[in-house]
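Residue numbers (this note's numbering), protein chains in the order written: chain Z, 1 to 196; chain E, 197 to 392.
2 protein chains.
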Amino acid sequence: MESLVKRIQAEGRSLKGGILKVDSFINHQLDPNLMMEVGKEFVRLFGHLPINKIVTIEASGIAPAIMTGYLMQVRTVFIKKKQPNTLANVYVSSVHSFTRDQDVEVCINSNFLTPDDHILFIDDFLAYGNTARCMIDLAKQSGATIEGMGFCIEKTFQKGGEYLTEQGINFHSLACVTDLETAHLSVCDEPASRKL
Amino acid sequence: MESLVKRIQAEGRSLKGGILKVDSFINHQLDPNLMMEVGKEFVRLFGHLPINKIVTIEASGIAPAIMTGYLMQVRTVFIKKKQPNTLANVYVSSVHSFTRDQDVEVCINSNFLTPDDHILFIDDFLAYGNTARCMIDLAKQSGATIEGMGFCIEKTFQKGGEYLTEQGINFHSLACVTDLETAHLSVCDEPASRKL
């Protein structure tokens, strides 16, 4: 997605530890027009599939997910960080958080992820594939079907994409960052081999 | 907002401790059409003001905030739960979390809240006014102006509205829950005294 690639080139910053800082438009301050454009692109990529629910994970996935849900006219659920007093009837999984350097327990109410659900999973980043692993785990627990996964930005050098390919998941990333170490960020469109 | 009042009456559930469970459409599973409708209502209520930024707090405020930001064509920022390794250049405040029964540190990057900002603060709930207090604190630290605050649901018996009135804040709530103890939820539109 050209506008996203250009935005990352203009405003993204590379921090140590393989972190790409895009907090001026993706995951702290949000550009609502860009989020809507991202939603439209996900509709183009996944709209032909029998999707009846969007799933994301709090917090940065919510904005692109709700836009996609609005455009596809399907309910949108966000996986929550588990609270100590979370009620019963939840599926629980864990996600490794690199910013906290620990596993974080997450959950989804079992009423909102069922064998009838055909899921499009949306998130801001595909890095090592940790949130994707969590979604796969929750889908297995619930009997839901994953129809696809869409990510705003993929950091290809962190290999989450290779994992999803091995798992046979249909996924797309709207911008691919191939190198954070160079003076200028190496950002490009999704590889042609994966494109629709 | 009649459709929200009806939805709360149909799907809301009262839990012990003054908790209103609306996780089938507001704060876990989301109805994107309802979120867009909420955004339109906030535009009706606040669109005449010189607002140039929406601020909310993760995670449940993000969906109504991004819809409002899209409709108003202004950037949208969410206040983040503070990470141990959060970088410098942030304003820090705290919010009391009733689900965790502890104060949680939150932050906003100082680039995204400045004296030039005229803020509309959006959140899913107005209860005791804790997130609103946090917004007021962050606005004081940064020099930003709060033009208004919009909440999807107000629990009037928890007195956050009285606090905001005392502070002279221009605020609106799209549905008011006046009692959770009765067999049927007491939900109504905003009082006429506050309505535009």
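The beta-carbon is built from N, C-alpha and C at its ideal position, and this holds for glycine as well.
Listed by position along chain E, the residues whose Cβ is nearer than 9 Å to that of residue 31 of chain Z are 265, 271 and 272.
Restricted to the segment 276-351 of chain E, the alpha helix (DSSP H) segments that are unbroken, complete and at least 4 residues in length are 326-338, listed in chain order.
Taken through DSSP and simplified to helix, strand or coil, residue 239 of chain E comes out as helix.
Nearest neighbour of residue 372 of chain E by Cα position, chosen from E:346, E:302 and E:328, turns out to be E:346. Using beta-carbon distances, residue 127 of chain Z does not count as an interface residue toward chain E, since no partner is under 9 Å. Residue 258 of chain E carries a helical assignment under DSSP once its states are collapsed to helix, strand and coil.
Checking the DSSP bridge columns, you'll see residue 371 of chain E partnered with E:349. At a Cβ-Cβ threshold of 9 Å, residue 26 of chain Z and residue 124 of chain Z count as neighbours. Note that the C-beta distance between residue 273 of chain E and residue 251 of chain E is below 9 Å. DSSP, reduced to helix, strand and coil, places residue 360 of chain E within a helical segment of the structure shown.
Residue 207 of chain E and residue 112 of chain Z have their C-alpha atoms roughly 14 Å apart.
Contact annotation for residue 280 of chain E against chain Z: 100 [CB-CB distance below 7 Å, chain order].
DSSP places residue 199 of chain E in the helix class (H, G or I) of the three-state scheme. Between residue 305 of chain E and residue 23 of chain Z, the beta carbon gap of about 6 Å places them in contact (Cβ cut-off 8 Å). Excluding residues up to 5 positions away in sequence, 247, 248, 249 and 250 lie with their Cβ nearer than 7 Å to the Cβ of residue 270 of chain E in the same chain. The beta-carbon of residue 175 of chain Z is placed no less than 9 Å from the nearest beta-carbon of chain E.
Neighbours of residue 23 of chain Z in chain E, taken as residues at a C-beta separation under 7 Å, are given in chain order as 305. Interface criterion met: the Cβ of residue 28 of chain Z is under 9 Å from a Cβ in chain E. In terms of Cβ geometry, residue 324 of chain E and residue 287 of chain E do not form a close pair [threshold 9 Å]. Inter-residue distance for residue 242 of chain E and residue 193 of chain Z is about 47 Å (C-alpha atoms, whole angstroms). Less than 9 Å separates the beta-carbon of residue 385 of chain E from that of residue 198 of chain E. Residues of chain E with a Cβ closer than 8 Å to the Cβ of residue 153 of chain Z do not exist, since the nearest Cβ in that chain sits about 18 Å away. Using beta-carbon distances, residue 59 of chain Z counts as an interface residue toward chain E, with a partner under 9 Å.
When the alpha-carbon of residue 290 of chain E is set against those of E:330, E:335 and E:310, the nearest one is in E:330.
Taking a 10 Å sphere around the C-beta of residue 161 of chain Z, we find 16 or more other C-beta atoms and assign the residue as buried.
Here DSSP, grouped into helix, strand and coil, assigns residue 230 of chain E to helix. Residue 258 of chain E and residue 245 of chain E have their C-alpha atoms some 21 Å from each other.
Identification of residues in the segment 331-346 of chain E having a C-beta nearer than 7 Å to some C-beta of chain Z yields an empty set.
Below the 9 Å Cβ cutoff, chain E contributes 219, 220, 224 and 225 as neighbours of residue 112 of chain Z, in chain order. Under DSSP, residue 56 of chain Z shares a beta bridge with Z:78. A direct Cα-Cα distance of roughly 17 Å separates residue 266 of chain E from residue 313 of chain E.
For residue 335 of chain E, same chain residues with a beta-carbon under 6 Å away, outside a window of 5 residues either side, are 342 in chain order. Inclusion of residue 171 of chain Z and residue 144 of chain Z in the CB contact set at 9 Å is not warranted, their separation being larger than that value.
A Cβ of chain Z is located within less than 9 Å of the beta carbon of residue 232 of chain E. Under the Cβ criterion of 9 Å, residue 63 of chain Z is counted among the residues facing chain E. Spatial neighbours of residue 293 of chain E in its own chain (CB-CB distance under 6 Å, excluding positions within 5 residues in sequence) are listed in chain order as 300.
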